[in-house]
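Asks: Here it is, the structure, as structure tokens.
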Amino acid sequence: HVNVRGSLVLNSVSRFPQKRCYAAARRSESLIEPLGGRKPSSAAPLLPQSVQVSKLPNGLVIASLENYSPVSSVGVFVKAGSRYETVENQGVSHVLRLAANLTTKGASAFKLCRGVEALGGSLSVTSSRETMVYTAECLRDHLHSLMEYLVNVTTAQEFRPWEVNDLTPRVRIDKTLAQQCPQIGVIEKLHEAAYKNALSNSLYCPEHMVGHVSSDQFLHRLGECVKHSVLKQVGEGLLSARSGAGAPVAKAVYRGGELRVQNTDDLVHALIASECGVMGSAEANAFSVLQRILGAGPHVKRGSNITSKLSQGIAKATTQPFDATAFNASYSDSGLFGVYTIAQADSAGEVIKAAIAQVSGVAEGNVSDDDVTRAKNQVKAEYLMSLESSDSLLEEIGAQALNTAAYQLPDTVVQAIEAVTQDDVVKAAQKFVDGKKTMAASGQLKNTPFVDEL
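Following my numbering, the numbering of the sequence shown begins with 14 at its first residue and continues without gaps.
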């Protein structure tokens, strides 16, 4: 799935000599009107374009947005996240993410690096549980040249055994860095405990597979996947080497459970969740609004977040320092919603129970219309502000094209959020309260309750 986007700021003031501007100011003439003797440009104005989506015979979906930017960005979105791993190839998506700059049939690793550099471009790879995204950026006049490198990286890699083996130290570095962040560990453990398959797979290569992911596993995995007219031509020609229906997709099966990691950390990180709505559904919108009602982080930089329901409720239960936010993760066939708390070991139990009590309060109807309106405004503002970023816009267009082969305008998304009612929010909270719980915790857990005690 390929997308193009960018941004352009026009500066027309520099067209006029500084002396003329200065003289006009001295004569008290308006600087927003054309200067005398200067004819306005007769060039036709650039009309705003909409997102175009096409599906090619080889199964590739092309989505593009022309906004006249001098910089073009292209993303190849592939359903190759960690959820598609099997028992035999666990960790392959992590290593594949690091293997983007290895030798291909059309360019060596050295040529890839120097070639992209010579174009003034950039090439990056990110992955999630659902997708792997290859992103390239360059000046729009060099797009076709950069696309050749991008297609080589996505469809023509050789995965030479000695180069793959050289990735092992980088895999270990990634794992070590992740271990330094308790939040990453708790979220990974939550997914492992919550699901029987698919979404239970970690974003990081498991320890027993480090150094054991082979070139053959890479080649098998890539064999499964693969200005609008320019982009379409590139997709039909260069990406025709990889096509097909892909591997069978296992539906995520939620089970609930608990994983506890006992260590010597002073703070206890705990995350309690239930299954929630799938991505793009009306139920998922209700959970997004509920998340803002409970509190999804401070809205003032370095603020105390004391205005959130979670913070207000927990502050009545303990005088110890704490932090609490609502957690929400939606996927194509499942989702998780819950509360994430950070507390001192001695007060962890009180903090966790007070946080869950706040969700129970909403489930009992203790939420006002003003709370719902404020939360909906926050969801809409966050969504629209994210589209101001070129990276987020590319991700939004690509994700929609990958999952639905279409694109919803921002107005449509905003209308769906606005349609959420107070009853929808209460039902979402009730689903969390009544649902089977999953819990992940790390730290000194002597005063941390088990999931069946909540």
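Backbone N, C-alpha and C define an ideal beta-carbon position, used for all residues, glycine too.
Taking the Cβ atom as the reference point for each residue, do Val146 and Leu136 lie within a distance shorter than 8 Å?
Replies: No, Cβ-Cβ distance for Val146 and Leu136 is not below 8 Å.
Asks: What residue range is occupied by the uninterrupted alpha helix (DSSP H) comprising Val199?
Replies: Segment Pro195 to Ala207, the alpha helix (DSSP H) holding Val199.
Asks: Is Leu407 closer than 8 Å to Thr167 when the C-beta atoms are compared?
Replies: No, the Cβ-Cβ distance between Thr167 and Leu407 is not below 8 Å.
Asks: Please state if the CB of Ala299 and the CB of Asp437 are separated by a distance shorter than 8 Å.
Replies: Taking 8 Å as the Cβ cut-off, Asp437 and Ala299 qualify as a contacting pair.
Asks: Classify Met160: buried if its beta carbon has 16 or more other beta carbons within 10 angstroms, exposed otherwise.
Replies: Buried: at least 16 other Cβ atoms inside 10 Å.
Asks: Just grab the DSSP bridge partners of Ile355 for me.
Replies: Ile355 pairs with His282 and Asp336.
Asks: Could you name the residues of the same chain whose beta carbon sits closer than 6 Å to that of Pro462, not counting the 5 residues immediately before and after it, in chain order?
Replies: If we look at Pro462 and ignore the five residues flanking it on each side, its Cβ neighbours are Gly362.
Asks: Does DSSP put Lys322 in a helix, a strand or coil?
Replies: Residue state, collapsed to three classes: helix.
Asks: Is it true that the CB of Glu395 sits closer than 8 Å to the CB of Leu349?
Replies: The answer is no: Cβ separation not under 8 Å.
Asks: Anyone know if the C-beta pair for Gly351 and Leu307 falls short of 8 Å?
Replies: No, these two residues do not count as a Cβ contact at 8 Å.
Asks: Rounded to whole angstroms, what is the Cα-Cα separation between Thr277 and Pro334?
Replies: Roughly 18 Å between the two C-alpha positions.
Asks: With H, G and I counted as helix, E and B as strand and the rest as coil, what does DSSP make of Val89?
Replies: Val89: strand per DSSP, three-state reduction.
Asks: Identify which residue in His155, Ser317 and Val66 has its Cα closest to the Cα of Ala418.
Replies: Of His155, Ser317 and Val66, the residue nearest in Cα terms is Val66.
Asks: Look at the Cβ atom of Val91, then the Cβ atom of Thr144, and state whether they are nearer than 8 Å.
Replies: In this structure, Thr144 lies closer than 8 Å to Val91 by Cβ.
Asks: Nearest to Met452 by CA position, among Ala297, Arg268 and Val426, is which residue?
Replies: Nearest of Ala297, Arg268 and Val426 to Met452, Cα basis: Arg268.
Asks: Would you call the segment 368–383 and the segment 313–329 in contact, with 3 or more CB pairs under 8 Å?
Replies: These segments touch.
Asks: Any chance the segment 111–122 sits against the segment 175–189, with 3 or more Cβ pairs inside 8 Å?
Replies: Segments in contact, yes.
Asks: Hey, quick one: how far does the alpha helix (DSSP H) through Cys126 stretch, first residue to last?
Replies: Run containing Cys126: Ala122 to Ala131, per the alpha helix (DSSP H) assignment.
Asks: List the whole-angstrom C-beta distance separating Leu400 from Val281, where the pair is believed to meet the contact cut-off of C-beta under 8 Å.
Replies: Their Cβ separation, rounded to whole angstroms, is 37 Å, which puts Leu400 and Val281 out of contact at 8 Å.
Asks: Between Leu156, Ala442, Tyr344 and Asn178, which has its C-alpha nearest Gly134's C-alpha?
Replies: When only C-alpha atoms are compared, the closest one is Leu156.
Asks: If we call anything under 8 Å between Cβ atoms a contact, is Leu272 one with Glu205?
Replies: It is a contact, given that the beta carbons lie within the stated cut-off.
Asks: Where does Leu136 sit, in a helix, a strand or coil, going by DSSP?
Replies: The answer is strand: DSSP assigns Leu136 an E or B state.
Asks: Out of curiosity, what's the CA-to-CA distance linking Val446 and Thr99?
Replies: In a straight line, the C-alpha of Val446 is about 32 Å away from that of Thr99.
Asks: Going by DSSP, what residue range makes up the beta strand (DSSP E) through Gln275?
Replies: Per DSSP, Gln275 belongs to the beta strand (DSSP E) from Gly270 to Gln275.
Asks: Could you spell out where the beta strand (DSSP E) holding Lys68 opens and where it closes?
Replies: Run containing Lys68: Gln65 to Lys68, per the beta strand (DSSP E) assignment.
Asks: When burial is assigned at 16 or more other CB atoms within 10 Å of the CB, is Ala131 buried or exposed?
Replies: Looking at its Cβ environment, which holds fewer than 16 other Cβ atoms inside 10 Å, Ala131 is exposed.
Asks: Please check the pair Ala265 and Asn210, which I expect to be a contact at CB under 8 Å, by giving their CB distance rounded to whole angstroms.
Replies: Indeed they touch by this definition, with Cβ atoms about 7 Å apart.
Asks: Return the residue from the list Ser403, Lys449 and Gly456 that minimises the CA-CA distance to Leu467.
Replies: Per the Cα distances, Lys449.
Asks: Do Arg96 and Leu212 have their C-beta atoms within less than 8 Å of each other?
Replies: Against a cut-off of 8 Å, the Cβ pair of Leu212 and Arg96 comes out as a contact.
Asks: Evaluate Asn165 with the Cβ neighbour count: other Cβ atoms within 10 Å of its Cβ, from every protein chain shown; 16 or more gives buried, anything less gives exposed.
Replies: When all chains shown are included, Asn165 counts as buried.
Asks: Taking the alpha-carbon positions, what's the Leu60 to Ser77 distance?
Replies: Each residue's alpha carbon lies about 16 Å from the other.
Asks: Count the other CB atoms within 10 Å of the CB of Thr338; is the residue buried (16 or more) or exposed (fewer)?
Replies: Label assigned to Thr338: buried.
Asks: Can you tell me where the alpha helix (DSSP H) holding Leu60 begins and where it ends?
Replies: Taken as a continuous stretch (DSSP letters only), Leu60 belongs to no alpha helix (DSSP H), as it is neither H nor E.
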